[in-house]
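Comments concern the structure below.
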Amino acid sequence: MSVRAAPLWDSATQSFVGMLTITDFINILRTYYKSPFVQMEELEEHKLETWRNVLKERSRPLVSISPDASLLDAIKALIQNKVHRLPVIDAATGNVLYVITHKRILKFLFLYYHELPHPSYMNSTLGELKIGTYDKIATVKTSTPVISALNEFVDRRVSALPVVDDSGKVVDIYAKFDVINLAAEKTYNNLDVTVKKALEHRDQVGRYFEGVLKCTLDETFAAVIQRIVKAEVHRLVVVNNEDHVIGMISLSDILSYLVLRYAEEEAKSPPENHSSTVVEEKLTEEQEEPEEKVATPEE
């Protein structure tokens with residue numbers, strides 16, 4: 001099972017103080033990388049405490065939630081704090097019980113899709129709903145150096161970069177999780193290799209590739225949700241008729257629209273039989289057992 005993050009335990013305070021993520025690894029590589037001619041053997045000798053000190057200025061307090069909170073609260077915490085994973089911490093023991101992600105929550109909602117009312121917006125298209133990001137989409141070419149892609153991840157605050165050919169067509173996707181291959185193969189001493197070369201190592205490390213999942217502005221919201229859940233991916237690349245990248249739609253975008261937007265509207269003016277009421281009640285009723293089912297650490 002692939003691990004995308006791990007809680008950090010501070011023995012001095014006897015508490016969890018943060019999450020070690022792939023973004024931290026990327027920042028470490030950017031900090032120490034000079035050129036292909038300068039080795040980075042010290043990375044293998046560093047303790048996590050050393051990494052924490054190096055990244056101290058970029059770190060922020062751990063965002064967590066209690067087991068008694070509703071999944072609606074969890075969704076709000078994930079989106080409002082712009083984090084990808086949310087530890088569920090037992091206040092009595094201080095133990096991390098689960099790690100909740102956008103992916104698990106959306107999968108949970110999808111399991112109960114047929115038991116919930118289907119509001120009319122589910123049959124509206126992406127173009128009509130304007131869900132996702134469509135301005136200044138960060139992309140890389142197959143010839144882009146890996147170090148440049150790492151800089152894009154951090155500077156643009158994105159988790160994936162569509163890879164396009166010379167004609168602008170999307171041919172692949174380079175995600176933050178692909179960077180872990182550098183550690184698996186200890187190939188981080190040369191970050192000037194091309195993205196194309198780096199992506200060739202996916203099969204060699206035996207990692208399942210999510211693939212480039214695409215959609216268009218003409219597709220319905222329901223179809224997009226079904227595709228992203230069944231394929232178990234974190235985002236879809238929105239393309240035009242020429243297969244050119246025009247946008248990205250992520251799990252966070254979907255949850256924001258699906259749950260938060262309508263929860264906020266309901267708070268302002270509660271209509272009868274509003275879908276978000278049913279969603280919140282369903283999440284609360286099923287909180288204990290399904291949350292355990294969808295929140296087992298995986299990423």
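The numbers in the UniProt record's numbering rise by one with no breaks, and the one at position 247 of the sequence shown is 247. Just so you know, even glycine gets a beta-carbon here, dropped at the ideal spot from N, CA and C.
Asked, Found
"Assign residue 194 to one of three DSSP states: helix, strand, or coil.", "strand"
"Please list the terminal residues of the continuous beta strand (DSSP E) segment that includes residue 163.", "160–164"
"I need the boundaries of the beta strand (DSSP E) containing residue 91, first residue and last residue.", "Careful: residue 91 lies outside any beta strand (DSSP E) and carries neither H nor E."
"According to the Cβ coordinates, are residue 131 and residue 255 closer than 8 angstroms?", "no"
"Can you find the residues in the same chain that come closer than 6 angstroms, C-beta to C-beta, to residue 89, ignoring five residues on each side of it along the sequence?", "64, 96"
"Which first and last residues belong to the beta strand (DSSP E) in which residue 174 is found?", "170–175"
"Pairs of beta-carbons, one from the stretch 236–255 and one from the stretch 169–183, closer than 8 angstroms: are there three or more?", "yes"
"Quick check on residue 116: does DSSP put it in helix, strand or coil?", "coil"
"Does residue 97 come out as helix, strand or coil in the three-state DSSP assignment?", "strand"
"Please state the DSSP three-state secondary structure of residue 224.", "helix"
"Which residues does DSSP list as the beta-bridge partners of residue 145?", "194"
"Examine chain C for any beta-carbon lying closer than 8 angstroms to the beta-carbon of residue 193, and answer yes or no.", "You won't find chain C in this structure, because it holds only one protein chain."
"Going by other Cβ atoms of all chains shown within 10 Å of its Cβ, with 16 needed for buried, is residue 275 buried or exposed?", "Confidence at residue 275 is low in this model, with a pLDDT of 43, below 50, so its placement is unreliable and no value can be given for it."
"Spatial neighbours of residue 83 within its chain, please: C-beta separation below 7 angstroms, excluding the five flanking residues on both sides.", "63"
"Would you tell me roughly how many angstroms separate the C-alpha atoms of residue 173 and residue 154, rounded to the nearest one?", "16 angstroms"
"Closest to residue 135 by C-alpha separation, out of 249, 224, 257, would be which residue?", "249"
"Quick one: residues in its chain with C-beta nearer than 7 angstroms to the C-beta of residue 123, no 5 flanking neighbours on either side, listed in chain order?", "220, 222"
"What's the gap between the Cα of residue 114 and the Cα of residue 140?", "39 angstroms"
"Contact defined as beta carbons within less than 8 angstroms: I believe residue 126 pairs with residue 238. What is the distance between those atoms, to the nearest angstrom?", "7 angstroms"
"Mapping the DSSP letters down to three states, classify residue 107 as helix, strand or coil.", "helix"
"Does DSSP put residue 261 in a helix, a strand or coil?", "helix"
"From this set, 128, 94, 175, 66, which residue's C-alpha is nearest residue 100's C-alpha?", "66"
"So, at 7 angstroms on beta carbons, what are the nonlocal neighbours of residue 217 in its own chain, with the 5 sequence-adjacent residues on each side left out?", "125, 126, 127, 238"
"Kindly give me the distance between the Cβ atoms of residue 179 and residue 28, rounded to whole angstroms, as I take these residues to be in contact under 8 angstroms.", "Not a contact, Cβ separation roughly 11 angstroms."
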